[in-house]
Amino acid sequence: MTQDELKALVGRAAIEYVPAGTVVGVGTGSTVNHFIDALAAMPVPVAGAVSSSRASSERLAARGIRVLEAGEVERLPVYIDGADEIDERGFMIKGGGAALTREKIVADLAERFVCIADASKRVPVLGRYPLPVEVIAMALPQVARRFAALGGVATQRAGVVTDNGHPILDVRGLAIADPPAMEAEINQWPGVVTVGIFARHRAQVCLLGTEAGVQTLRY
Ligand code: 5RP
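In the working numbering, the protein residues as written are 10 to 228.
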C-alpha cells in the first residue's frame with residue numbers, strides 16, 4: 010500500500026470513534042482529509058465539527074458538514090487528528106501543516122484525542138522530525154537562540170504564515186526524551202505562541218495504518 014492508502018485506511022477507521030449526531034473536533038492534514046471524506050459519508054450525520062484550520066473548515070463545508078467556532082461548544086466527545094511523530098506513550102510532534110495552535114485549542118476541548126497516522130509516524134523518541142514552533146515575529150531571533158542553547162537549529166519556515174498570522178520555526182537536532190518537561194519549558198519562553206510537542210494533549214488512542222491493516226494503540 011502507498012502512504013496515502015494507509016492514511017485513507019485510518020481516516021475511514023476513525024469513524025468508529027465518532028458518536029452519531031454529535032459535534033466532533035477535526036484536525037488538519039492529508040490524513041484528516043480522508044477522515045473528513047468518510048465523515049461526510051456517515052449514514053447518521055454528525056451535528057457539526059469544530060475545525061483546527063481554514064483548510065479543514067473549507068473541506069468540511071464543501072462536503073455539507075456544519076462548521077462551528079470553538080467558542081460555540083464547551084466540550085467535544087472526540088478530537089481526530091494526524092501527527093508528524095508519535096511515541097510509545099502517545100506523545101506527539103505536530104504542526105507539519107502549520108496548524109498546531111488551533112489543533113491544541115480544539116484538542117483541549119475534547120474528552121479524547123484519537124490520532125490517525127500511517128506507520129512511518131511511530132518513533133521510539135520524538136525529535137527526528139523538525140519540531141514546529143509558532144512564534145510572534147519580533148521574537149524569532151531570541152527564540153532561535155534559546156533553541157541553539159538546547160542544541161537545536163531553528164529555521165524559519167519559508168513562505169508560511171499560520172492562520173493566526175504568525176511565522177513558524179522548524180527546529181532540528183533535538184532529542185525530546187522528556188516531552189512533558191520540554192513542552193512546559195518552551196511554553197514559558199516569551200514570544201512562543203505554541204510548541205508542536207503534544208504531551209499535555211497527547212493521544213489516548215492511535216489508529217496506525219500498517220500493511221497488515223489498522224493497528225489500535227491505547228495509552
Ligand atoms: C498539521 C499537523 C498534521 O496532523 C501533521 O502534519 C500530519 O499531517 P499528514 O496527515 O498530512 O501527514 O499537525 O499541523
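Note that CB positions come from ideal geometry on N, CA and C, so glycine has one too.
Keep in mind that this is a model prediction, so the values were computed, not measured.
Same chain, Cβ closer than 7 Å to residue i, neighbours up to 5 away in sequence not counted
i	result
Thr110	Glu143, Thr171, Asn173, Val202 and Thr203
Arg155	Trp198
Ile45	Val35, Ser65, Arg68, Leu69 and Arg72
Contact test: residue i Cβ vs the ligand 5RP heavy atom, cutoff 7 Å
i	result
Lys113	no
Asp90	yes
Val41	yes
Thr37	yes
Leu135	no
Asp172	no
Asp13	no
Asp46	no
Gly73	no
Same chain only: Cβ atoms within 6 Å of residue i, ignoring 5 sequence neighbours per side
i	result
Arg121	Val87 and Gln213
Gly105	Asp93
Sequence-distant residues of the same chain with beta carbon closer than 8 Å to residue i, five excluded per side
i	result
Ala56	Gly30, Thr31, Val32 and Arg75
Ala186	Val134
Burial state of residue i (16 or more Cβ within 10 Å)
i	result
Gly80	exposed
Met189	Residue identity check: residue 189 is Pro in the sequence provided, not Met. Pro189 comes out exposed.
Glu78	exposed
Pro139	buried
Gly34	buried
Asp152	The question names Asp, yet the displayed sequence has Val at residue 152. The residue is buried, with at least 16 neighbouring Cβ atoms inside 10 Å.
Ala92	buried
Residue span of the beta strand (DSSP E) that contains residue i, given as start and end
i	result
Gly57	Gly57 to Ser60
Leu135	Careful: Leu135 lies outside any beta strand (DSSP E) and carries neither H nor E.
Ala163	Val162 to Gln165
Inter-residue CB distance, residue i and residue j (contact presumed, cutoff 8 Å)
i	j	result
Ile95	Lys130	6 Å
Ile125	Gly20	6 Å
Ala108	Ser66	Contact flag wrong, Cβ pair sits at about 11 Å.
Extent of the continuous alpha helix (DSSP H) to which residue i belongs
i	result
Gly232	The question about residue 232 has no answer, for the chain in this structure spans 10 to 228.
Ala158	Leu149 to Ala158
Leu216	Element bounds for Leu216: not the alpha helix (DSSP H) but the beta strand (DSSP E), Val214 to Thr219.
Ile195	Pro188 to Asn196
Ala126	Not the alpha helix (DSSP H): Ala126 falls in the beta strand (DSSP E), residues Phe122 to Asp127.
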